[in-house]
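Shown next, in structure tokens, is the structure this report addresses.
Written out as structure tokens, the structure is:
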């Protein structure tokens, strides 16, 4: 981590300083700041990603960044040379305001309003009609020449809520994809959701991070009107800190369960040990930082990790370089890390190097921290050689690290760090990070109520949906047990444990209503008899102790315990648009005769109407890339779906 700053004046190709800058903060519709951290020299490789040039041109650069960094994360992992189950790989990205493309297309569409305003001026109305028409025509042509056209690709190209979907579409990922918007904490909201997705077994890998590409003149003007920006520079925790400097960028991480990553021989940069989140509640104002909320998030993260905050030796702070924010943040951090010796914990902020990436800020801080842990070096923070005089660092466990230096090995613990990201509106996130030490997870395997809870078993990879193989692995099943008393349930568990040990599994069918309505219930997800027997054994141990913590720990392995009246009925809600894909249902039809019969009946009914069987539209030859691509394009059309 070199002591470099990427902060500079706005490049002329982005917007005109002469048109929008005024050093007077009170000047209407002007920005008093003209500095930021800018990404330069990026060119989207549409050929590499097989994105049509017309579509690529309509994509906001933030979408282009997201696709590129996600692909880079997969390449760093080793894909495609190393296996990665795309069926169970998700995309969760933090983003907020969207990019600048929509400003430009909106301006193009707004021409009639602008022309109406000009026509309303007395001076313009005094011109001959032919002259007025000529001026407006030439002006319209000049404006249109500077702005992107509005086409069928415009809306999907500029909507921020499509960023994750664009990544999934281009890289053919079929796990869950969605964005998170928590203002400047958006990236950590994405990380939080990704961790939960992995813990719950809904995916085996998640590309998570954040992207922000909004540095237009409009956002500068609006931030200046609340006095948030600095006109001079970024100085987190330093003397003269007077506001943040905006930046732009994107970072993404390929996250997996630690046990899976170790099993697969992955290169592991760092380990996320805990995540904490909170809201400020009723504070001084919706944009004012509140130490109470920040303390909650940090404390919850370390409690979630089950670790002592005093074992940390680095904190990558939110550190925006604002007069109020820096002081409030150190106050909240000291309340949690105060048990550590004075001067033990290095404190810094990536915003001193690259400014505030807004929705991407947390991802930048996480990347910096992961690399620091991986290389075992404490990164420097800039522009704080003279600390903020309003912060008494001598009374805290923190020191400002000004030089890149070796990260000393703490006694009796791996290197640990905390990383914070806070957002407008009072949303707070904190991550507990730890260096990866081979074998440490095995030695520290969690023990709950005397039961050693093994690592979660990985569900079998979902088969490809494009072309069913000749031999299919069995569908996963569930064993549902119901009983009147806990003792009766123990008997049911023992009964099925003997049957599973003998190689028997229950039928692949939904449990009956009587089972689900029983006072004491147990449901187990399984792939085969061996896995069922293993999970029944764990359930038997947990049931013997009847400890809620043990049952909670087993949920990640597909073992669920219920007791007492059922909370209510289960309902499934299906989206009307956006979830479809080529060959959807084909794999299930190949496995299940009943499903195949339903498709055959649909073919018989629909063939006279469609001109050919329905499955000819739904099921595409996976070995024909052109046909598959055409089918995917068709499925984007609302008229078809």
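In my numbering, the protein residues as written are 313 to 953.
The beta carbon of each residue, even a glycine, is placed where N, CA and C say it ideally should be.
Backbone secondary structure at residue i - three-state DSSP
i           : result
residue 689 : strand
residue 473 : helix
residue 861 : helix
residue 954 : No statement about residue 954 is possible, as the shown extent of the chain runs from 313 to 953 and does not include it.
residue 606 : helix
residue 928 : helix
residue 699 : strand
residue 877 : coil
residue 764 : A caution first: residue 764 carries a pLDDT of 39, below 50, which makes its placement in the model too unreliable to give a value.
residue 892 : coil
residue 740 : strand
residue 561 : strand
residue 666 : helix
residue 619 : coil
residue 547 : coil
residue 406 : strand
residue 833 : strand
residue 626 : strand
residue 512 : coil
residue 613 : helix
residue 814 : coil
Residues bridged to residue i [DSSP beta-bridge criterion]
i           : result
residue 343 : 333
residue 401 : 517
residue 431 : In the DSSP output, where bridge partners are listed per residue, residue 431 has none listed.
residue 745 : 584 and 729
residue 541 : 556
residue 566 : 519
residue 489 : 403
residue 391 : Bridge partners of residue 391: none, in fact.
Buried or exposed (CB count within 10 angstroms, at least 16 for buried), residue i
i           : result
residue 896 : exposed
residue 642 : buried
residue 836 : buried
residue 691 : buried
residue 511 : exposed
residue 742 : buried
residue 939 : exposed
residue 410 : buried
residue 665 : buried
residue 618 : exposed
residue 869 : buried
residue 421 : exposed
residue 884 : exposed
residue 577 : exposed
residue 782 : Note on residue 782: pLDDT 36, under 50, position unreliable in the model; the coordinate value appears next. Exposed, by the Cβ-count rule.
residue 672 : buried
residue 746 : buried
residue 917 : exposed
residue 338 : exposed
residue 446 : exposed
residue 414 : buried
Nearest-angstrom Cα separation, counted from residue j out to residue i
i           : j           : result
residue 822 : residue 792 : 9 Å
residue 797 : residue 834 : 12 Å
residue 788 : residue 839 : 5 Å
residue 811 : residue 845 : 8 Å
residue 820 : residue 790 : 7 Å
residue 725 : residue 623 : 7 Å
residue 429 : residue 540 : 32 Å
residue 316 : residue 871 : 50 Å
residue 608 : residue 591 : 8 Å
residue 880 : residue 860 : 21 Å
residue 521 : residue 801 : 44 Å
residue 324 : residue 350 : 12 Å
residue 416 : residue 564 : 27 Å
residue 698 : residue 630 : 19 Å
residue 648 : residue 899 : 52 Å
residue 924 : residue 357 : 39 Å
residue 506 : residue 893 : 23 Å
Supposed close pair residue i, residue j - CB separation, criterion 8 Å
i           : j           : result
residue 327 : residue 528 : 6 Å
residue 644 : residue 663 : Incorrect: roughly 17 Å between the Cβ atoms, too far for contact.
residue 402 : residue 485 : 7 Å
residue 667 : residue 546 : 6 Å
residue 639 : residue 703 : 6 Å
residue 852 : residue 795 : So it is not a contact: roughly 14 Å between Cβ atoms.
residue 748 : residue 580 : 4 Å
residue 561 : residue 620 : That pair is no contact at about 33 Å.
Any chain D beta carbon closer than 8 Å to residue i
i           : result
residue 810 : In summary, chain D is missing from the structure at hand, where a single protein chain is found.
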